[in-house]
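If you read the sequences in order, they're chains A and B.
FYI, in full-length UniProt numbering the residues of the first sequence are 1 to 87.
FYI, in full-length UniProt numbering the residues of the second sequence are 1 to 269.
We put the beta carbon where it would ideally sit given N, CA and C, even for glycine.
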Amino acid sequence: MGLFDFLITKKPTASIAKDRLRIIVAHERSGRGSSPDYLPMLQRELLEVIRKYVKVEDEAVKVDLIGEGDNKVLDISVALPENPIQA
Amino acid sequence: MAEIIVVTSGKGGVGKTTSSASVACGLARRGHKVAVIDFDVGLRNLDLIMGCERRVVYDFVNVISGEAGLKQALIKDKRFDNLFVLAASQTRDKDALTTEGVEKVLKDLSDEGFDYIVCDSPAGIEKGAFLAMYFADQAIVVVNPEVSSVRDSDRILGLLASKTKRAENGERVKEHLLLTRYSPKRVETGEMLSVGDVEEILGLKTIGVIPESGDVLNASNKGEPVILETESDAAQAYDDAVSRLLGEDRPMRFTQVEKKGFFSKMFGG
Numbered sequence: 001m002g003l004f005d006f007l008i009t010k011k012p013t014a015s016i017a018k019d020r021l022r023i024i025v026a027h028e029r030s031g032r033g034s035s036p037d038y039l040p041m042l043q044r045e046l047l048e049v050i051r052k053y054v055k056v057e058d059e060a061v062k063v064d065l066i067g068e069g070d071n072k073v074l075d076i077s078v079a080l081p082e083n084p085i086q087a
Numbered sequence: 001m002a003e004i005i006v007v008t009s010g011k012g013g014v015g016k017t018t019s020s021a022s023v024a025c026g027l028a029r030r031g032h033k034v035a036v037i038d039f040d041v042g043l044r045n046l047d048l049i050m051g052c053e054r055r056v057v058y059d060f061v062n063v064i065s066g067e068a069g070l071k072q073a074l075i076k077d078k079r080f081d082n083l084f085v086l087a088a089s090q091t092r093d094k095d096a097l098t099t100e101g102v103e104k105v106l107k108d109l110s111d112e113g114f115d116y117i118v119c120d121s122p123a124g125i126e127k128g129a130f131l132a133m134y135f136a137d138q139a140i141v142v143v144n145p146e147v148s149s150v151r152d153s154d155r156i157l158g159l160l161a162s163k164t165k166r167a168e169n170g171e172r173v174k175e176h177l178l179l180t181r182y183s184p185k186r187v188e189t190g191e192m193l194s195v196g197d198v199e200e201i202l203g204l205k206t207i208g209v210i211p212e213s214g215d216v217l218n219a220s221n222k223g224e225p226v227i228l229e230t231e232s233d234a235a236q237a238y239d240d241a242v243s244r245l246l247g248e249d250r251p252m253r254f255t256q257v258e259k260k261g262f263f264s265k266m267f268g269g
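Below you can see the structure in the form of structure tokens.
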């Protein structure tokens, strides 16, 4: 420890930590439940099933869980190409 | 019925195993019959902290797979006749633990007259951590006053409220905050989150605050749960936490900077 260390005032960082945590924890809590872990997998599997019949792009299948009041709606949209080619 | 307590945190290295060992010892010292189970399959460590690593013959996975009986696998503690350790397997893959298998072991322990079963969770949110918390009645969430630990703990709280048997039955796992590696001095200088800060962010009640202490490392070197180092602040803080777990009221200690007198300032100590 240097003799004059007391002259250098360290900037308190705990309050920064607290503010950052408040925001990230609130954000992550709000995301919980509204977007279950299985959505990406569901999307992949749906894509595989559809590809058995029609050639579609990766982005053709969209899966969302939408909250409407107390209910949740699983919204699946599949965009078919203009001239669907059978797989 | 045995009370099942999971010691969990999400983040690794925050003191789950140290806390599991000390809480189990503290409960046993009060006369309760206690089993402490290591759920960290592949990375067994509770046996070292409890000082029984050379007496592990059969482990948790052996019991689940039927290769050994529960009584054969339970290691009796050298210090307390009513304290038993169930070691994790070192060699098997993580899928060796099954929900049914874990449920049966917990039920058999309960039937054997155990009062408390302490489940030492592995870090992370994989199967081992999931199974350690799934049957819990209470959860001790071990947190360091540091951003990544707090955030991971909040994730664990989310899982406790959704992925446990109690949650599935519309009940709650009783959650407690255990702050470890706490440095009142750094809190005072504004460098470390305070007990109040962490309580506020996580919305949890504190069951104990364990001060940063060299005794924790010394105790682990010896294979002695730190709660048994009675002179140590950390030991006393753990003992207070165990009292609070049992519903006793204890004032919080070791959360304020000790005011040093002139002589100790001059001569140390």
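Quiz item: Taking only beta-carbon atoms, is B:R151 less than 8 Å away from chain A?
Solution: yes
Quiz item: Which value, in whole angstroms, describes the spacing of the CA atoms of B:V56 and B:E224?
Solution: 16 Å
Self-check item: Residue environment, B:I138, which counts as buried when at least 16 other CB atoms sit within 10 Å
Solution: Checking the displayed sequence, the identity of residue 138 of chain B turns out to be Gln instead of Ile. B:Q138 comes out buried.
Exercise. Would you list the one or two residues that DSSP bridges to B:F84?
Key: B:A35 and B:K76
Quiz prompt | Short-range partners of chain A found in the stretch 185 to 196 of chain B, where Cβ spacing is below 9 Å | solution = R186, V187, T189, G190, E191, M192, L193 and S194
Quiz item: Helix, strand or coil: which one does DSSP assign to A:K52?
Solution: coil
Quiz item: Could you give the distance in angstroms between the alpha-carbon of A:R22 and the alpha-carbon of B:I201?
Solution: 6 Å
Self-check item: Whole-angstrom C-beta distance between A:V78 and A:V61, which should lie under 8 Å
Solution: 5 Å
Exercise. Assign A:G31 to buried or exposed, taking buried as 16 or more other Cβ atoms, counted over all protein chains shown, within 10 Å of its Cβ.
Key: exposed
Self-check item: Beta-carbon neighbours of B:I156, restricted to chain A and to distances below 8 Å
Solution: Under the 8 Å cutoff, chain A gives no residues; its nearest Cβ is about 12 Å from B:I156.
Quiz item: On the premise that B:L74 lies in contact with B:F84, defined as a C-beta separation below 8 Å, what is that separation, rounded to the nearest angstrom?
Solution: 4 Å
Quiz item: Using CA coordinates, which residue listed in B:A21, B:I5, B:G214 and B:G26 is at the minimum distance from B:V242?
Solution: B:G26
Self-check item: Buried or exposed by the 16-neighbour rule on C-beta atoms within 10 Å, applied to A:K18
Solution: buried
Quiz item: Going by alpha carbons, who is nearest to A:S15 out of B:N218, B:D197 and B:A237?
Solution: B:D197
Exercise. Provide the residue span of the alpha helix (DSSP H) that contains A:I85, from first to last.
Key: Per DSSP, A:I85 belongs to no alpha helix (DSSP H) and is neither H nor E.
Exercise. Apply the 10 Å Cβ neighbour rule to B:G269 and answer buried if 16 or more other Cβ atoms are within range, or exposed otherwise.
Key: Low per-residue confidence applies at B:G269: pLDDT is 48, beneath 50, and the placement is therefore not dependable, though the value from the model is reported in the following sentence. Exposed, since its Cβ has fewer than 16 Cβ neighbours within 10 Å.
Quiz item: How would you label B:M1, buried or exposed, when you count the other beta carbons within 10 angstroms and need 16 or more for buried?
Solution: exposed
Quiz prompt | beta strand (DSSP E) segments (min. 3 residues) lying fully within the stretch 108 to 194 of chain B | solution = 116 to 120, 138 to 143 and 174 to 182
Practice problem: Please determine, among B:S194, B:P251, B:P184 and B:M192, the residue with the shortest C-alpha to C-alpha distance to B:K259. | Solution: B:P184
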